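As numbered in my numbering, residues -7 to 200 make up the sequence shown, in order. C-beta: ideal position from N, C-alpha, C; glycine also. It should be emphasised that the depicted structure is a prediction, and the values quoted were computed from it without experimental measurement.
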Amino acid sequence: MRQQNFFEKVQYVSNKVHPELFGCLEGFRNHLALVDTEKSKLLLKKALIFLRALQQDNKTILFINNNPKLSFLTKQTAVSLDQPYSNEYWIPGLLTNWTGSQSMIHSFKYSEQYFGSFLDKKKVVFPKYVKQKKKLEGLTAFKHRPSALVLLQTTGNASIIREAQLLNIPIVAFTNCTKTVSNVEYPIPFDTDAVAIVYFFCSILCKK
-7 MRQQNFFEKV QYVSNKVHPE LFGCLEGFRN HLALVDTEKS KLLLKKALIF
43 LRALQQDNKT ILFINNNPKL SFLTKQTAVS LDQPYSNEYW IPGLLTNWTG
93 SQSMIHSFKY SEQYFGSFLD KKKVVFPKYV KQKKKLEGLT AFKHRPSALV
143 LLQTTGNASI IREAQLLNIP IVAFTNCTKT VSNVEYPIPF DTDAVAIVYF
193 FCSILCKK
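Quick look at the structure:
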């Protein structure tokens, strides 16, 4: 009962629904569409099973987040699973321009190795270095193209989705219901502003 109340709190509600999501609707209330929580839970479970299978096969899963509220959670989840992550700043061509992105990551690792501890110890602030660290610190062990992407939200991530499509990399993503999900293999339609559901998802994924 308690879990059911939780899912009701993070139920997706919208005044707009893309036709592809009509099958996920429970109904309407005050002219607002309500996504069926049971169907959302099934899609959540399907995504978790897929990611668990990749973990068991030691595949690379890239976690991607552009919401500052979820930065700490993204990092903790990825580190716990020994996976790469991209927080807040996406590097265009990270997936498609593999040689260029690997060169950038290698250069950052070199700088971090020789100057990072000195800068931190002396508390010297170089804005460019700080920004690069924010972009790349989660990618230092990113040696292979990922077998899947996990997007903690699809809003603002259209270019990432396009890169994944070009390389046939499957996507797990929390989605809203206003846009197509045909480009997301494992959509999870919950309220993407409800941080609690993302925490729930990550906690389940990190369970041993």
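The region 127 to 134 and the region 165 to 177 do not touch, with fewer than three beta-carbon pairs separated by less than 8 Å. Shown here, residue 21 sits in a strand according to DSSP, grouped into three states. In the displayed model, residue 166 falls within a strand according to three-state DSSP. DSSP places residue 139 outside any alpha helix (DSSP H), giving it a letter other than H or E. Judged by pairs of C-beta atoms under 8 Å, the region 61 to 73 touches the region 179 to 195, as three or more such pairs exist. Per DSSP, residue 54 is one residue of the beta strand (DSSP E) stretching across 53 to 57. Rounded to the nearest whole angstrom, the CA to CA distance from residue 172 to residue 124 is 33 Å. Here the alpha carbons of residue 15 and residue 74 stand approximately 36 Å from one another. Within its own chain, the residues whose Cβ lies closer than 7 Å to the Cβ of residue 19, once the five positions on either side in sequence are excluded, are 26, listed in chain order. A straight line joining the alpha-carbon of residue 34 with that of residue 62 spans about 24 Å. In the DSSP assignment, residue 179 falls within the unbroken beta strand (DSSP E) covering 178 to 181. Distance from residue 56 to residue 142 at the Cβ level is roughly 7 Å; contact confirmed, criterion being Cβ atoms closer than 8 Å.
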